[in-house]
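Asker: In this note's numbering, the protein residues as written are -12 to 72.
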Amino acid sequence: MLLDGWSMGAGEAAPPVDAAAGDPGATICSCQAVTRGEIAHAIEDRGLTTVAQVSEHTRASTGCGGCRPDVAELLAAIRAPVPVA
Ligand code: FES
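What follows is the structure in structure tokens.
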């Protein structure tokens, strides 16, 4: 697969992405074909608080591990405290 000049094969991490923003259909974990939206829903719906929990429920970051920083970033963004006016 060729995406924006990046050649990805099985086991290769996707190019770095801003995990906390963007298209919910964007692939965060190319090894397991897990999208941002799938990860976000799992975090929100299941109350996940760790990357290990996200991996257990979505399989993201269970291959090469290259997406782990993006999964962690998305987890932190969703779990960040909301400022009170
Ligand atoms: S991109 Fe390889 S484990 Fe997610």
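C-beta atoms are modelled at their ideal positions from N, C-alpha and C, and glycine is treated no differently.
Could you tell me how far apart the beta carbons of Arg66 and Thr36 are, in whole angstroms, since I believe they sit closer than 8 Å?
Answerer: With 8 Å as the limit, Arg66 and Thr36 qualify as a contact, their Cβ atoms being about 6 Å apart.
Asker: Taking only runs that begin and end inside the stretch -1 to 48, name each unbroken alpha helix (DSSP H) of 4 or more residues, in chain order.
Answerer: Listed in chain order, the complete alpha helix (DSSP H) runs (minimum 4 residues) inside the stretch -1 to 48 are 23 to 33 and 38 to 45.
Asker: At which residues does the alpha helix (DSSP H) containing Val58 begin and terminate?
Answerer: Where Val58 is concerned, the enclosing alpha helix (DSSP H) stretches over Arg55 to Arg66.
Asker: Just verifying my parser: in three-state terms, what is the DSSP assignment at Pro70?
Answerer: Correct three-state label for Pro70: coil.
Asker: What distance in whole Å lies between the Cβ atoms of Val41 and Val58, which are believed to be in contact at a cut-off of 8 Å?
Answerer: Contact holds; Cβ gap of about 6 Å.
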